Structure formats: structure tokens, C-alpha cells
Amino acid sequence: MTRKAAAGQDKTPIRMLHDRVLVKVEGDPGERRSAGGILIPATAAMGGRRLGWSRVVAVGQNVRQVEVDDRVLFDPEDKAEIEVSGELYVVMRERDIHAVATDRLGDSQTGLYL
């Protein structure tokens with residue numbers, strides 16, 4: 699499946715350029731759930747910086763480590779939000795992604811250039 703076709707399946711009318719990645723914001727960005735299932739509202743004060751997970755919906759032609767449908771970890775404070783057809787998305791550079799969920803990578807790949 700090509701990157702262009704994958705983005706079209708989600709019906710997102712955007713084609714990303716260069717090293718840009720488009721992710722779909724999952725739920726309320728400030729709201730989260732504890733390991734025990736307790737809902738913690740966005741208004742609860744938290745010390746330090748908290749990273750967030752989102753699903754990739756489109757990538758530019760120069761993106762090398764991330765694919766459509768990957769779950770990625772990024773800093774919600776350093777994001778550019780856009781709204782398309784009533785849905786909230788975040789645009790970022792590939793280098794602003796801190797990690798990719800390992801369901802695709804498997805145990806054998808390190809993600810390093812060796």
C-alpha cells in the first residue's frame with residue numbers, strides 16, 4: 699500500500715510534504731486514564747512534562763521511520779493543531795516524534811542505522 703493510498707483511505711483531504719507527519723488526536727488530549735481505570739481530568743495539576751500518543755494518518759515523502767497507522771509518542775506542548783472536517787489533527791516534523799509503538803517493529807529491529 700502506498701503512502702498516498704493509505705492517507706486516502708482515511709479520507710483525509712491532505713497530502714503531507716517533505717518530512718511532515720499528520721497524526722489524529724485521540725480523545726481529549728488532557729484527559730487520561732490511570733492503570734486502575736480512574737479517569738483523570740485535564741484540570742488536574744501535574745508536575746513535569748507529559749508526552750502523548752497518537753495514530754499517524756499521513757506522512758510526507760521524506761519520512762523514513764514512521765508509517766501510516768503507527769502509534770507515535772510526541773510532546774503535546776510542541777504541536778501545530780489543525781481541524782479538518784470536524785476532526786482534530788496535529789502536524790509535526792518526523793524529528794519531533796520521540797518513539798513509535800513496537801507492534802510493527804518486532805524484537806529484531808533496533809531502529810538504528812548499523
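Position 20 of the sequence shown, counting from 1, maps to 718 under our numbering, and the rest follow consecutively.
Using N, Cα and C, we set each Cβ at its ideal position, and we do this for glycine too.
Predicted model, so just to flag it, every value in this text is computed and none were measured.
{"query": "With a Cβ-Cβ cutoff of 7 Å, do residue 755 and residue 764 count as a contact?", "result": "no"}
{"query": "Give the secondary structure of residue 793 by DSSP, where H, G and I count as helix, E and B as strand, and everything else as coil.", "result": "helix"}
{"query": "With a threshold of 16 other CB atoms inside 10 Å of the CB of residue 795, please say whether the residue is buried or exposed.", "result": "buried"}
{"query": "Please report how far the alpha carbon of residue 790 lies from the alpha carbon of residue 735, in whole angstroms.", "result": "30 Å"}
{"query": "Going by CA-CA distance only, name the one from 715, 767, 719 that's closest to residue 800.", "result": "767"}
{"query": "Closest to residue 658 by C-alpha separation, out of 749, 771, 724, 784, would be which residue?", "result": "Past the edges of the chain, shown from 699 to 812, lies residue 658, and the structure says nothing about it."}
{"query": "Any idea what DSSP makes of residue 748, helix, strand or coil?", "result": "coil"}
{"query": "Between 783, 769, 762, 785, which lies nearest to residue 749 when the distance is taken from Cα to Cα?", "result": "769"}
{"query": "For residue 799, name the three-state secondary structure that DSSP assigns.", "result": "coil"}
{"query": "Figure out for me which residue from 718, 797, 798, 711 has the closest Cα to the Cα of residue 757.", "result": "718"}
{"query": "Apart from the five residues just before and just after residue 723, which ones in its own chain have a Cβ nearer than 7 Å to its Cβ?", "result": "752, 786, 787, 788"}
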